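Comments concern the structure below.
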Amino acid sequence: MALQIFNVLGREKQVFTPLEPGRVNMYVCGPTVYDHAHIGHAKTYIAFDVIVRYLRHSGYNVLYVQNLTDVGHLLDTGEDRVLRRAEQLQALPMQIVETYTRSYFEDMDALGVLRPDISPRASGHIPEQIKMIQELIDKGYAYEVNGSVYFDVTKAPDYGKLSNRRIETQEAGTREAVRGEKRNPLDFALWKRAEPEHILRWDSPWGEGFPGWHIECSAMARKYLGKTFDIHGGGIDNIFPHNECEIAQSECANDAPFARYWVLVGSLTVDGVKMSKSLGNFITIKDALKKYRPEVIRTFMLSVHYSSPVDYSEDAMQAAARGWERLYNAYRLVSQRLDSAPEGTAGEAFVEQVNRARTAFTEAMDDDFRTPAALAVLQEFTREVNSFLNSTVDIGADVLRQIEAVYRELGGGILGIIPKDAVAADSSAEREAALIELLIDLRRQARANKNYAESDRIRDELAKVGVILEDRPEGTVWRTI
Ligand SMILES: [Zn+2]
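Numbering (our numbering), first residue to last: -6 to 474.
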């Protein structure tokens, strides 16, 4: 079966045919780097990570571009997110951008999300954006008012085609003052005049200002991927206005179709409620990683289809953890058995199950990247592997290697839920536990010698590195935070 993708543009599943055989040019809207990334970001970027991994596994040469928004993404109040954060923290805007860009990559690395090939920043592509805005003015799609430039949505014949919105039914969500400059309430800013106190500002043919949010993606996608490219991804929350504006700007400036396949990821709620800082249910990736292994977070995010919404809860995470442990334990058993297995093909009848699992996995992924079905294939395979290991004494290394390869290639290489080095991951955790036990023992001796200063010092130093000791009648126990 050929790979099929549900194309949000046109809302149907289509056979995937790239522009150039064997090559995929892909653009995904990246985060606005003004705060730590949250678990909603984890859902989106794990989804695209698996899509890229699978395309590469299928033999495509993928060029993956994901931008970083560091200017022009305004709040409803009209304030720039980066500037507001800079004011709150009394830092320069670019310090904020640098801090949260590092934080973002730190989180993505920890989650095993492979880095994009190019991570262009909006502030590093101002000339490209100015050039595209000038083209839109020259072609009559945009107009300048008081140093700001707006896109005239009535000039884009199919504005609204991605989100299926009609212009007449739109409500404008902009401030009255800005609306006064626009010909139509739905027109959106390509360039904004900078007020005197606005720090992020650049020279332009229309005076000093800064780009609107949407134009960066159009300009950077064209620069790195060409006028027309294969896949455009992002979160469903940005379908309107952001993605819709990207299409309008690009197609009007380029006289060519923009992205051919639109892949949008469903949103994430926490305990059934939309995540927000004011509700106190805002969970950063760093918070989640303190509680759960990255492989468990990935398993959870992949347990629903990328396009569906997902609800994050402790119960759901525990269920994901149990599912992941079943796979991982079977993989470890196979690896351990391989250490002492005789060379040869003993037990080769099981290869049929191996092949069946590989085929079923590929079918699931070829069907619009159905990761829940792919995970179910690995779970079913694991049941078969466990009973095979229990019932068959004589298994040759050939068969065990083929079983191990299913976990490594499909579970590890594509889904990213099997750590590369099982033994190393294990031994470091065991080593840490042994060291903590040793310190607990030294503390016990210190107390026996009435050296309470020393005993407290051990407890406090461990607490500093996140290991909490609790003295109970049956002895001292420890936990990490
Ligand atoms: Zn974008």
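Cβ coordinates follow ideal geometry from the N, Cα and C atoms, glycine included. Note that the coordinates shown come from a computational prediction; the quantities given were computed from them, not determined experimentally.
Taking residue i as the reference, which of the options has the closest Cα?
i, options, result
"Arg315", "Val289, Glu13 and Leu403", "Val289"
"Cys245", "Tyr134, Ser260 and Asn322", "Tyr134"
"Gly227", "Glu5, Asn60 and Val460", "Asn60"
"Asp69", "Thr62, Lys284 and Arg77", "Arg77"
"Tyr491", "Arg46, Ser306 and Ala35", "Here the chain has residues from -6 to 474 only, and residue 491 is not among them."
"Val138", "Gly173, Leu107, Met(-6) and Thr385", "Gly173"
"Val470", "Ala427, Ser156 and Ala446", "Ala427"
"Arg351", "Glu336, Pro14 and Gln372", "Gln372"
"Val303", "Lys443, Ser380, Gly337 and Val263", "Val263"
"Phe233", "Ser300, Gly153 and Val378", "Gly153"
"Asp360", "Asp180, Arg465 and Ile44", "Ile44"
"Gly23", "Tyr305, Leu12, Leu179 and Trp206", "Trp206"
"Met358", "Pro14, Phe41 and Pro287", "Phe41"
"Arg349", "Val370, Gln329 and Phe362", "Val370"
"Ala334", "Leu455, Asp387 and Pro178", "Asp387"
"Asp464", "Val458, Leu320 and Ser448", "Ser448"
"Gly122", "Gly71, Val64, Ala149 and Leu82", "Looking at the sequence itself, residue 122 is Gln, so the reference to Gly does not match. Among Gly71, Val64, Ala149 and Leu82, the Cα nearest to that of Gln122 belongs to Val64."
"Asp73", "Asn236, Pro204, Leu382 and His118", "Pro204"
"Thr431", "Val17, Gly117 and Leu455", "Checking the sequence shown, residue 431 turns out to be Leu, not Thr. Considering only alpha carbons, the answer is Leu455."
"Arg46", "Gly404, Ala441, Pro11 and Val378", "Gly404"
"Val378", "Arg158, Ser328 and Gln7", "Ser328"
"Ser301", "Asp230, Pro287, Leu320 and Tyr285", "Asp230"
"Val266", "Tyr285, Tyr305, Pro287 and Phe293", "Tyr305"
"Asp102", "Glu91, Ala84, Gln(-3) and Ile39", "Ile39"
"Pro113", "Leu82, Gln81 and Val21", "Val21"
"Glu402", "Glu425, Ile130, Val347 and Ala441", "Val347"
"Thr62", "Pro11, Ala84, Gly117 and Val8", "Gly117"
"Ala484", "Asn0, Thr10 and His29", "Past the boundaries of the shown model lies residue 484; the chain is included only from -6 to 474, so the question cannot be answered."
"Asn177", "Trp199, Lys148 and Glu190", "Lys148"
"Glu80", "His191, Arg95, His225 and Arg253", "His191"
"Glu425", "Asn444, Asn442, Val458 and Tyr400", "Val458"
Taking the Cβ atom as the reference point for each residue, do residue i and residue j lie within a distance shorter than 8 Å?
i, j, result
"Val258", "Thr25", "no"
"His31", "Met268", "yes"
"Ile111", "Tyr27", "no"
"Leu48", "Val55", "yes"
"Arg291", "Leu104", "yes"
"Met(-6)", "Asp223", "no"
"Ala115", "Glu188", "no"
"Leu261", "Gly33", "yes"
"Asp100", "Ile278", "yes"
"Ile240", "Leu155", "yes"
"Ala323", "Thr375", "yes"
"Arg452", "Arg436", "yes"
"Phe251", "Tyr299", "no"
"Gly15", "Gly71", "no"
"His50", "Gly273", "no"
"Leu326", "Leu382", "yes"
Below 8 Å on the Cβ atoms is my guess for residue i versus residue j; work out the distance and round it to an integer in Å.
i, j, result
"Leu331", "Glu397", "6 Å"
"Thr364", "Leu408", "7 Å"
"Leu2", "Trp195", "Their Cβ separation, rounded to whole angstroms, is 32 Å, which puts Leu2 and Trp195 out of contact at 8 Å."
"Asp411", "Val460", "The identity of residue 411 in the sequence shown is Ile, whereas the question assumes Asp. Wrong, their Cβ atoms sit about 27 Å apart, outside the cutoff."
"Lys283", "Ile474", "7 Å"
"Ser197", "Ser243", "20 Å between Cβ atoms; not a contact."
"Leu193", "Pro86", "6 Å"
Check your understanding: With contact counted as at least three CB pairs below 8 Å, one residue from each stretch, are the segment 123 to 140 and the segment 183 to 190 in contact?
Key -> Yes, they touch.
Exercise for review: Closer than 5 Å is what we want: which residues have a beta carbon that near any heavy atom of ligand 1? List them in chain order.
Suggested key: Cys22 and Cys210
Practice item. Kindly confirm or deny that the segment 217 to 224 and the segment 139 to 146 touch, where touching means at least three C-beta pairs closer than 8 Å. Key: no
Review point. Any chance the segment 326 to 346 sits against the segment 382 to 392, with 3 or more Cβ pairs inside 8 Å?
Key: yes
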